[in-house]
Amino acid sequence: MAVNISNPLFEKLGMKYPIIQGGMAWAGTGHLAGSVSEAGGLGIIGTGYWHAEQVRAEIHRAREVTDKPFGVNVMLMSRHIREVFDVIIEEGIKVVATGAGDPSPFLEELHQHDIIVIPVVPSVAMARMMEKKGVDAVVAEGMESGGHIGMLTTMTLVPQVVDAVSIPVIAAGGMADGRGVAAAYMLGASGVQMGTRFLASEESEIHQNFKDAVIKAKDVDTLVTGELIGNRARVLKTKMSKAFVKQERELVMQPVMDADAREKLENGSLRNAVIDGDKENGAFMAGQISGLVHEIKPVAQILDDIWTEAYELLDSGIQK
Ligand SMILES: Cc1cc2nc3c(=O)[nH]c(=O)nc-3n(C[C@H](O)[C@H](O)[C@H](O)COP(=O)(O)O)c2cc1C
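7 is the number of the first residue of the sequence shown in this note's numbering; add one for each residue after it.
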């Protein structure tokens, strides 16, 4: 069986490598996203709950390092979402990625401005619904990923989504080298998205404590917060994340969940990790593949090493 590595969307964007640096709230800065695009991948700025002018400032920072296209990942639940979309349109952004939620209320407007829309989906049903609404591609993200996650693994989700839709499927979750990328292609994906690998890059602007934690992490060093109270997220095991899970268990034992306590538990913890490297109060979001990330490298080398290895694997076929 020949593997098809062409992807019309990536060709339209002029990408050298079929690799997206996934949007990461706080961690996916303009500098990182711009550097990935400049090196031939597609960088995506993670905007989380930022207000519109913060988003504009990061777009300008990306443009300091590249004149190639890059994307913006938006948080649909943000109360600034309308203004954020206005900035995206005004700034001539070419790709919008969305995490949880349904971007279809904005789809027609974004398409009118020739913006490619790529939502992340955790299930076949969501992928089908997104295709029906008219998105351009989907990212099928497995629960090995860092950050907020669904229930299925990349290995099980990707081929099922590939069979269910006709638009391009980009695989995410648990890839950090050429073997993972080649495997994603064998599952039928036509591109990959990585987050954790790019946290440990020279151009990543997360606190050094965070980079060190990713590099040091072993295979079993992540856990999932929100398993009981919702909003599941994969983070590195730290004093804080272990305490979070413990407190979560205690909270659900109470007859009525205390909203203030929950807010205190969750609020700003990713920011604490990314900006302050706060080992006490930070949520160091990173995926299970952290155990395979041993070195901080420039993004250009990450992209080239991974795609060279994947290409060789895909090209070599069966050895007899
Ligand atoms: C620190 C961090 C923050 C993230 N924030 C977001 C986000 O704001 N929106 C989103 O759609 N995905 C987010 N993600 C998911 C990534 O875009 C990407 O899909 C994921 O990291 C891929 O899995 P991997 O970590 O195994 O490479 C985040 C991931 C990490 C590690």
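Heads up, the beta-carbon is just placed ideally off N, CA and C, and yes, glycines get one too.
The C-beta distance from A63 to V280 rounds to 16 Å, too long to meet the 8 Å contact threshold. Less than 9 Å separates the beta-carbon of Q294 from that of T228.
Annotation for T159: G148, M149, E150 place their beta carbon closer than 7 Å to its own, counting only its chain and skipping 5 residues before and after. Of all C-beta pairs linking the region 294 to 313 to the region 40 to 58, three or more are shorter than 8 Å, placing the two stretches in contact. In the structure shown, G283 adopts coil according to DSSP, grouped into three states.
A residue is called buried when at least 16 other Cβ atoms come within 10 angstroms of its Cβ; M259 does not meet this threshold and is exposed. Taking 8 Å as the cut-off, one finds at least one heavy atom of ligand 1 near enough to the beta carbon of N79. Inter-residue distance for S172 and L319 is about 26 Å (C-alpha atoms, whole angstroms). Sequence-distant Cβ neighbours of A58 in its own chain, meaning closer than 6 Å and more than five residues away, are H86, E89, V90, V93. The region 123 to 138 makes contact with the region 95 to 104: 3 or more CB pairs, one atom from each, lie closer than 8 Å. The beta carbon of A182 sits closer than 8 Å to at least one heavy atom of ligand 1. For S110, the shortest C-beta to heavy atom distance toward ligand 1 is 8 Å or greater.
Buried is the label assigned to I176, since at least 16 other Cβ atoms lie within 10 Å of its Cβ. The DSSP-derived three-state label of E211 is coil. The beta carbons of A195 and V164 sit closer together than 9 Å. By a beta-carbon distance limit of 8 Å, K22 contacts G46. Their separation comes to about 3 Å. Runs of the alpha helix (DSSP H) lying entirely within the region 24 to 62 and spanning at least 4 residues, in chain order: 36 to 44. At least one heavy atom of ligand 1 lies closer than 8 Å to the C-beta of E150.
Under the rule that a run must span 4 or more residues, the alpha helix (DSSP H) segments found entirely inside the region 140 to 211 read 160 to 170, 184 to 192, 202 to 205.
Straight through space, the alpha carbons of G288 and K138 are spaced by roughly 39 Å.
According to the DSSP secondary-structure assignment, K303 is paired through a beta bridge with S207. Nearest C-alpha to F290 among V299, G297, L276: L276.
Using a cutoff of 8 Å, the CB of M30 counts as near ligand 1, since one of the ligand's heavy atoms is closer than that. Checking the 8 Å criterion, the Cβ of A68 is out of range of every heavy atom belonging to ligand 1. For N13, the closest of G197, T231, V299, E286 by C-alpha to C-alpha distance is G197. With contacts defined as CB atoms closer than 9 Å, V130 and A170 qualify as a contacting pair. N13 sits in coil when the DSSP states are folded into three classes, being neither helix nor strand. With respect to M30, N79 sits close: the two C-beta atoms are nearer than 9 Å.
Beyond the five residues adjoining it in sequence on each side, S110 comes within less than 6 Å, by CB distance, of K139 in the same chain, given in chain order. Contact annotation: I65 and V187 have beta-carbon atoms that are not nearer than 9 Å.
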